[in-house]
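Here the working numbering is used: the first residue of the sequence shown is 505, the next is one more, and so on.
The beta carbon of each residue, even a glycine, is placed where N, CA and C say it ideally should be.
Because the structure is a prediction, the values reported are computed rather than measured.
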Amino acid sequence: MENQQDILLKEFHNLNNWLNKISMFAGQARYELETRGFDTQNIEAERKRYIDLLNDMEAHAIKAGEVARGIKKRISQV
Numbered sequence: 505m506e507n508q509q510d511i512l513l514k515e516f517h518n519l520n521n522w523l524n525k526i527s528m529f530a531g532q533a534r535y536e537l538e539t540r541g542f543d544t545q546n547i548e549a550e551r552k553r554y555i556d557l558l559n560d561m562e563a564h565a566i567k568a569g570e571v572a573r574g575i576k577k578r579i580s581q582v
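Below you can see the structure in the form of structure tokens.
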């Protein structure tokens, strides 16, 4: 059976993973805009691509929030 410290360390690791994914997707979107701009000839595909990136960031942020709430709950029980 895992002790509370091991569980918290795993949860902090998970939180860090979700935050890294958010940073990666944000950096990818910024890099693409900086290096190739926005293709006005193919506006609908560009729009969909950036909406997909934002949706991914939102999903990862939600997961990070869930992990943070779990950590808060565990700490309050100690």
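Assigned with DSSP and collapsed to three states, D543 falls in coil, not helix or strand. Cα atoms of K567 and M561: separation of roughly 10 Å, rounded to the nearest angstrom.
Leaving aside the five residues that flank I575 on each side, the residues in its chain whose CB is nearer than 6 Å to its CB run, in chain order, E515.
It is roughly 26 Å from the alpha-carbon of R540 to the alpha-carbon of L523. By the beta-carbon neighbour count (other beta carbons within 10 angstroms, threshold 16), V582 is exposed.
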